[in-house]
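Residues are numbered in the working numbering as their position in the first sequence, beginning at 1, plus a constant of 23. Everything below concerns the one structure shown next.
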Amino acid sequence: MEVEFYLLDVTYEVSGGEPHVILWGITRSGERVVLRDRRFRPYFYVVASDKASVEALARKIRALSDPESPIVDVRPVDKRFFGKPVKALRVTTVIPESVRKYREKARGLSEVAEVLEADIRFSMRYALDNGLEPCGWHVAEVAETPVPSRYRVARAFDVTGFIKPTGDTRPPSDLRVLAFDIEVLTESGSPHPERDPVIIIGVKTSSGETRQFTAEDLDDKKVIAGFTEFILDYDPDIVVGYNSNHFDWPYLLERSKILGLKLDVGRRSGGEPSTSTYGHVSIPGRLNVDLLNYAEEIPEVKLKSLDVVADYLGVMKRSERVLVDYVDFPKYWRDPEKRRVLLRYNLDDVESTMGLAGKFLPFAMQLANITGLPLDQVGAASVGHRLEWFLMKEATRRGELIPNRVEKEAEPYKGAVVLQPLPGIHENIAVLDFTSMYPNIMIKYNIGPDTILRGGECSSEEHNVAPEVGHCFLREPQGFFKGVLQALLALRRQLRAEMKKHPVDSPEYRLLDERQRAVKILANAAYGYMGWVGARWYCRECAEAVTAWGRRTISTVIEHAKSMGLKVIYGDTDSLFVENIPEKVKELADFVEKEMGFEIKVDKVYRRVFFTEAKKRYAGLLEDGRVDIVGFEAVRGDWAEIAKEVQEKVTEILLSEKNIEKAIDYVRSIVSELNQGRIPLEKLVIWKTLTKQVDEYEAEAPHVNAAKKLRRMGIMVEVGDKVGYIVVKGPGKISERAEPYMFVKDPRLVDASYYIDHQIIPAALRILGYFGVTDTQLKKAAGSAGRRSLFDYTRKTQG
DNA sequence: CGCAGGCGGGG
DNA sequence: GTGTACGCCTGCG
24 MEVEFYLLDV
34 TYEVSGGEPH
44 VILWGITRSG
54 ERVVLRDRRF
64 RPYFYVVASD
74 KASVEALARK
84 IRALSDPESP
94 IVDVRPVDKR
104 FFGKPVKALR
114 VTTVIPESVR
124 KYREKARGLS
134 EVAEVLEADI
144 RFSMRYALDN
154 GLEPCGWHVA
164 EVAETPVPSR
174 YRVARAFDVT
184 GFIKPTGDTR
194 PPSDLRVLAF
204 DIEVLTESGS
214 PHPERDPVII
224 IGVKTSSGET
234 RQFTAEDLDD
244 KKVIAGFTEF
254 ILDYDPDIVV
264 GYNSNHFDWP
274 YLLERSKILG
284 LKLDVGRRSG
294 GEPSTSTYGH
304 VSIPGRLNVD
314 LLNYAEEIPE
324 VKLKSLDVVA
334 DYLGVMKRSE
344 RVLVDYVDFP
354 KYWRDPEKRR
364 VLLRYNLDDV
374 ESTMGLAGKF
384 LPFAMQLANI
394 TGLPLDQVGA
404 ASVGHRLEWF
414 LMKEATRRGE
424 LIPNRVEKEA
434 EPYKGAVVLQ
444 PLPGIHENIA
454 VLDFTSMYPN
464 IMIKYNIGPD
474 TILRGGECSS
484 EEHNVAPEVG
494 HCFLREPQGF
504 FKGVLQALLA
514 LRRQLRAEMK
524 KHPVDSPEYR
534 LLDERQRAVK
544 ILANAAYGYM
554 GWVGARWYCR
564 ECAEAVTAWG
574 RRTISTVIEH
584 AKSMGLKVIY
594 GDTDSLFVEN
604 IPEKVKELAD
614 FVEKEMGFEI
624 KVDKVYRRVF
634 FTEAKKRYAG
644 LLEDGRVDIV
654 GFEAVRGDWA
664 EIAKEVQEKV
674 TEILLSEKNI
684 EKAIDYVRSI
694 VSELNQGRIP
704 LEKLVIWKTL
714 TKQVDEYEAE
724 APHVNAAKKL
734 RRMGIMVEVG
744 DKVGYIVVKG
754 PGKISERAEP
764 YMFVKDPRLV
774 DASYYIDHQI
784 IPAALRILGY
794 FGVTDTQLKK
804 AAGSAGRRSL
814 FDYTRKTQG
């Protein structure tokens, strides 16, 4: 018989000395099922050295066989390695874990040149070989079997014949999602599972049910037991949390162990959640997704707390929800009135989490489907690993052997061009962007580790020779990266064309849009991936050639623009700021398309744009009246909110009204408010990330000092944490006066002069300084700027 | 005042 | 654990 099912996850287990591939899925009729494939066996490839005979090597490998997990097959297969045809030996054994042992033994043989694909997890091996697409529908030839008692599913099947994806990625209509959030009570410092109870667990389901499990005073046994029971009862396919991979699940697991409970929440009895690849927490038969992984990909949001991200995405307004700082939990928990507030806080978090799931899951599911990584892994995997799985899938499909990672020292190379901007205010400027510049360069010049000519005769008549660096690439045959990228770009065009056939608010449109986004991200990652030392397809010269061709490409366009009399104001990597003269812009775009084989498009038009001498910094007024600020302090996360506000406002006044006096007066009013202690404390917090352990810092930076103070209070701060501090009055260096923000309760303690001299004035002067405004002017009392126009201010020169 | 260490946002 | 280019902070000599 045949069964059609939506693939959730792929795992495996060894039972009776035999490996079983386990596929967790949902059938068309909504039954949760497992499919087992007992026929598949682990294997890897061996490539013989040039001199060695393949037959002799095969005999030697067979002789390595060990009865514990015998080598059951060694056979020659035709493959390609970096594009070249090779005769490889496929070595098959029985127990997945024994691949490691045979791999090492094979490496020890003198006739062996390469041992390949011996580090791929058995379940992923199966997925690769069968082209499985997680979060997509499949059909398989199966035989139904009784459901083994350990599986909590409706039906079970053995795969007996083919198994393949159908291409349909529309999720089942009754897909069950459960969002949860835990609250931990700690009297001081960071929570410790051996000491601090889980006082609340809130859950919300996609069916609309909401529940809260609460501790009796400090006894949290029933909280965890109730939560476990709820999960088994509701039986979700997807479990979502926020930072759940690194907080909620590890904490619950530790706490359960201490309380003598089993966190038996999976679809396989006895299988507790466990931390696995890329740091994700795996729950048997369910997809556990940490939504923080996706929030981390939003650069516009600097502080990734749940409330901030939910507010940004329009899921829940910060102003309309309850917020409680965790240092205040004990106070709230003890007081019956306040406890209600804490419960509401937890519920708001759970609802925000479910809201984020609605925003992120459709994209995540498409990404899982395209890369081949199960949904629970794909979020936790880095950009490089996501692309790598996609490449591994493509390589397998094309009969290409997957290269090993090689331990290497990173070698730096030259990057893109950044033009010196023409300083001042410019009117009516068009920003031109290359479409997928780096992917198109890789396609045009056939760049990749399989097409690069190392040694050998290179000529510019027969090869593509990279400018400046001289790396040489074959024109034929088409390389692996070129093939993959062409397919990706074509797929994206097709998806975008398909989108036009559906209403913007339809589920079809949304699905196609999420899919084209996932495709775009993969294509854009290819260049950076080749320059990553940890990549299987690492190729430093390739990455270096891409940036070299990139530099020449944009330089050619700049030269052409100039020759046409079109003034270029600025440019960076793949973008150009030019005078907005439509006929000339059109002519330039035609030149780029017809003469150079690239596409360039007007990305936006600025009514007015302002540059100083600095690169990578500008502010522009868009045609719809919005102000774009790029690179300046206002858009950086490591400046106090108040400095950002001042810079934003100053920029807006300058660009929209060209009124310097008004801007000066505005800055003065803020300075005066600061001096009077009337600026809210939260606008004075400066956030900085710890990039290493606190003790490893050589210099005593303010955020490092604040982190040390936190640690003395028992609050753990680790690499990657953002430390928020406020500079307070007192003697000593700035760093000594950097206090963790939650310890500062009185605005009068704030060092106003620090914020004036080091935050507000510099941020304002970055813009106003260009017009000759000085810091003394900004510090005078408000309202004394006089009535002069922009043109009374002379441009400050370097001389 | 210049340099080093540190950091983050942007193309 | 995708890449490089860039500007500005604080600390320090």
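Backbone N, C-alpha and C fix where the C-beta goes; we use that ideal spot for every residue, glycine too.
The region 303-319 and the region 255-273 touch, with three or more beta-carbon pairs separated by less than 8 Å.
K505 sits buried, since 16 or more C-beta atoms from the chains shown fall within 10 Å of its C-beta.
Taking 8 Å as the cut-off, the Cβ atoms of Y689 and K715 do not count as close. At a Cβ-Cβ threshold of 8 Å, A541 and L410 do not count as neighbours. Setting aside the 5 residues that flank it on each side, N451 is surrounded in the same chain by N603, each with a C-beta closer than 6 Å to its C-beta; the list follows chain order. In this structure, the beta-carbon distance from L112 to V69 falls below 8 Å. Shown here, Y629 sits in a strand according to DSSP, grouped into three states.
Beta-bridge pairing by DSSP links R103 to P108 and E423.
Here L155 is buried, its C-beta having at least 16 other C-beta atoms within 10 Å. Contact between the region 603-621 and the region 414-430 is absent: fewer than 3 CB-CB pairs across the two stretches fall below 8 Å. Rounded to the nearest angstrom, the gap between the Cα atoms of I49 and A387 is 18 Å. Here G747 is buried. Its C-beta has 16 or more other C-beta atoms within 10 Å. If you ignore the 5 residues before and after E531, its C-beta comes within less than 7 Å of the C-beta of H525, all in its own chain and listed in chain order. Note that the region 332-350 does not touch the region 216-225; fewer than 3 beta-carbon pairs, one per stretch, sit closer than 8 Å. Of all C-beta pairs linking the region 454-470 to the region 614-632, three or more are shorter than 8 Å, placing the two stretches in contact. For a cut-off of 8 Å, the C-beta gap from D258 to R55 is around 7 Å, short enough to register as a contact. Comparing C-alpha distances from T209 to each of R82, R515 and Y355 shows the shortest one belongs to Y355. When DSSP reads this structure, K624 sits in a beta bridge with D456.
A distance below 8 Å separates the beta carbons of P108 and D101. Listed in chain order, the alpha helix (DSSP H) runs fully inside the region 489-527 are 503-522, counting runs of at least 4 residues.
Just so you know, the alpha carbons of E537 and D626 end up roughly 21 Å apart. Only residues of its own chain outside the window of five on either side were considered, and among them V176, R178 and A179 have a CB closer than 7 Å to the CB of V170, listed in chain order.
The residue from R193, S405 and A566 with its alpha-carbon nearest to that of A433 is A566. Spanning the alpha carbons of A775 and V750 requires a straight line of approximately 9 Å. Taking the Cβ atoms as the reference, I665 lies roughly 15 Å from V658, outside the contact range of under 8 Å. Below 8 Å, too few C-beta pairs join the region 437-446 and the region 145-160 to call them touching: fewer than three. Non-local C-beta neighbours of P65 in its own chain, meaning closer than 8 Å and more than five positions away in sequence, comprise P42, T115, T116, V117, I118, P119, S121, V122, F145 and R148, ordered along the chain. If you look at F67, you'll find it isn't in any alpha helix (DSSP H); it sits in the beta strand (DSSP E) that goes Y66 to A71.
Secondary structure note for P188: its beta strand (DSSP E) is the uninterrupted segment R178 to P188. Between Y793 and T635, the gap from beta carbon to beta carbon is short of 8 Å. In this structure A318 does not touch A202 by the C-beta definition: roughly 14 Å separates them, more than the 8 Å allowed.
In the assembly as shown, R309 is a buried residue. Its beta-carbon has 16 or more other beta-carbons within 10 Å.
L58: member of the beta strand (DSSP E) spanning R55 to D60, first to last residue. Across the set K325, V57, T34 and G106, the C-alpha of G106 shows the shortest separation from the C-alpha of E499. In the DSSP annotation of this structure, I604 is not part of any beta strand (DSSP E), being labelled neither H nor E. Counting only residues of its own chain and dropping the five nearest sequence neighbours on each side, R640 has a CB closer than 6 Å to the CB of G654 and F655.
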